[in-house]
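First up is the structure itself, then whatever we jot down about it.
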Amino acid sequence: MTKLTALIDEFPDLVATLNGTVANYTLFAPTDAAFAKIPEHGKKPPKELVEKVLLYHVSPDFYPAGRVLASHTIPSALGSDGLGGDAQRLRVGLGLKGLAVNFYSRIIHGVDSLLLPPPPALKIIELLPGEFSTLQLALINTGLGPKLKDAPHTGATFFAPSNLAFKKLGARLNAFLFSKYGEKYLKALLEYHIVANQTLYSDAFYRSKDSASNMVAVEGEGVPKGYLHVDLPTLLDEKSLSIDIARWGGFISMKINGFSSVAVQDGIAKDGVIHVVSSLLIPPKTPGGASWMGEELDVEDFKSRFDTQKFEREDL
Numbered sequence: 001m002t003k004l005t006a007l008i009d010e011f012p013d014l015v016a017t018l019n020g021t022v023a024n025y026t027l028f029a030p031t032d033a034a035f036a037k038i039p040e041h042g043k044k045p046p047k048e049l050v051e052k053v054l055l056y057h058v059s060p061d062f063y064p065a066g067r068v069l070a071s072h073t074i075p076s077a078l079g080s081d082g083l084g085g086d087a088q089r090l091r092v093g094l095g096l097k098g099l100a101v102n103f104y105s106r107i108i109h110g111v112d113s114l115l116l117p118p119p120p121a122l123k124i125i126e127l128l129p130g131e132f133s134t135l136q137l138a139l140i141n142t143g144l145g146p147k148l149k150d151a152p153h154t155g156a157t158f159f160a161p162s163n164l165a166f167k168k169l170g171a172r173l174n175a176f177l178f179s180k181y182g183e184k185y186l187k188a189l190l191e192y193h194i195v196a197n198q199t200l201y202s203d204a205f206y207r208s209k210d211s212a213s214n215m216v217a218v219e220g221e222g223v224p225k226g227y228l229h230v231d232l233p234t235l236l237d238e239k240s241l242s243i244d245i246a247r248w249g250g251f252i253s254m255k256i257n258g259f260s261s262v263a264v265q266d267g268i269a270k271d272g273v274i275h276v277v278s279s280l281l282i283p284p285k286t287p288g289g290a291s292w293m294g295e296e297l298d299v300e301d302f303k304s305r306f307d308t309q310k311f312e313r314e315d316l
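For the sequence shown, the UniProt record's numbering gives the first residue as 1, with consecutive numbering after it.
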């Protein structure tokens, strides 16, 4: 790890932090082999960017190997403007390689690739057309994508429907949603999948800045088991999502509205988190009523779950 050591030495404040005894730190240390993957003739990155990348390899908490394997996300020492200054998190799992080496109040895990801070959520959606091409088209057709990109926010939770999720609606309903007649309903449907200014990971919750307590750990008291229920207000007027998270060790289940499961948890983004859902989230017909359970929907039944009168007034 000689290359990492030489790089850290260029940042005295980071050296002082890692050598201090005030707190426990965990370092995810890229090996020399990880640095060898960088193209030799690439441009030297700005020093500010290098510092951010280094901070993203440090956690201001104590994560021995057992705790790493029982975690889905880990806070880094890099604060993110997109999260209102809260810690940008790392996504970890059983694929993380390396031997934990204890030294004083710190732990080092060797990693064989550099850990780069993630791009914004919408950019991640754009970069994965194999999974999200239909969602990307919906964001463009409704104008919601550019609107979200420009809107100020401090974190977000995006329950991103996969291509499979849209396919489950059937050809007729998809044809309606992607027509000029269904555009407003498509926009409302997307808004029901997005929570602004609150970032809910599978094992941590960055609440709205207006809340008395901003950070909530799902496991609580450092015990890797527990349960969390939270209602998240979506971008769709007066519509919330009911989220239940159950955890035992490294196994975490996330259910939405008591029925839909999150297929892929914790897609880390600069400005929030992406959870992939393989079925679209459709509001109940009445407040507090039964949620959509995956049964076949015709166009009129689908429309009845939204404020049709509002859309008609807007058309006048």
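We put the CB at the ideal spot given by N, CA and C, even for glycine.
The structure displayed is predicted, hence computed values, not measured ones.
Open item on the list: When you compare the CB positions of residue 29 and residue 4, do they come within less than 7 Å of one another, or not?
Closed with: yes
Task: Endpoints, the alpha helix (DSSP H) within which residue 261 is located - done: Element bounds for residue 261: not the alpha helix (DSSP H) but the beta strand (DSSP E), 260 to 269.
Task: Among 153, 2 and 193, nearest to residue 81 - alpha-carbon criterion - done: 153
Open item on the list: Does the structure place the region 142 to 162 close enough to the region 298 to 311 that three or more beta carbon pairs sit under 8 Å?
Closed with: no
Task: 7 Å CB neighbourhood of residue 145 in its chain, flanking five on each side removed - done: 122 and 139
- [ ] Grab the span of the alpha helix (DSSP H) containing residue 88 for me, first residue to last.
- [x] First-last for residue 88: 87 to 91, but that is the beta strand (DSSP E), not the alpha helix (DSSP H).
TODO: Determine which residues share a DSSP beta bridge with residue 207 and list them.
DONE: The partner list for residue 207 (beta bridge, DSSP) is empty, contrary to what the question assumes.
TODO: Please go through the same chain and pick out, in chain order, the residues whose beta-carbon is closer than 6 Å to the beta-carbon of residue 77, but skip the five residues on each side of it.
DONE: 55, 58 and 60
- [ ] Check whether the Cβ atoms of residue 279 and residue 168 lie closer than 7 Å to each other.
- [x] yes
Open item on the list: For residue 13, which residues in the same chain have their Cβ closer than 7 Å to its Cβ, ignoring the five residues on either side in sequence?
Closed with: none
Task: Host beta strand (DSSP E) of residue 30 (start-end) - done: 25 to 30
Open item on the list: Looking at residue 53: is its Cβ nearer than 7 Å to the Cβ of residue 92?
Closed with: no
Open item on the list: Going by DSSP, what residue range makes up the beta strand (DSSP E) through residue 79?
Closed with: 73 to 79
Task: Rounded C-alpha distance that separates residue 292 from residue 196 - done: 23 Å
- [ ] Evaluate residue 71 with the Cβ neighbour count: other Cβ atoms within 10 Å of its Cβ, from every protein chain shown; 16 or more gives buried, anything less gives exposed.
- [x] buried
Open item on the list: If you reduce the DSSP assignment to three classes, tell me which class residue 307 lands in.
Closed with: coil
- [ ] Could you say which of 302, 294 and 270 lies nearest to residue 285 if we only look at CA atoms?
- [x] 302
Task: residue 235 and residue 183 closer than 7 Å at C-beta - done: no
Open item on the list: Helix, strand or coil, according to DSSP, for residue 160 in the structure here?
Closed with: strand
TODO: Put residue 133 into one of helix, strand or coil per three-state DSSP.
DONE: helix
Task: Within 7 Å, strictly: CB atoms of residue 233 and residue 242 - done: no
TODO: Leaving out five residues on either side along the sequence, give the residues of the same chain with a beta carbon under 7 Å from the beta carbon of residue 265.
DONE: 72, 202, 252, 254 and 275
Task: Burial state of residue 33, where buried means 16 or more other Cβ atoms lie within 10 Å - done: exposed
- [ ] Give the straight-line distance between the Cα atoms of residue 115 and residue 133, rounded to the nearest whole angstrom.
- [x] 26 Å
Open item on the list: Do residue 245 and residue 228 have their beta-carbon atoms positioned less than 7 Å apart in this structure?
Closed with: yes
Task: Helix, strand or coil at residue 286 [DSSP, three-state] - done: coil
Task: Contact check, residue 124 vs residue 27, beta carbons under 7 Å - done: no
Open item on the list: Using a Cβ-Cβ cutoff of less than 7 Å, which residues in the same chain neighbour residue 126 once the five nearest sequence positions on both sides are dropped?
Closed with: 136
Open item on the list: Would residue 277 and residue 165 qualify as a contact pair, given that the criterion is a beta-carbon distance under 7 Å?
Closed with: yes
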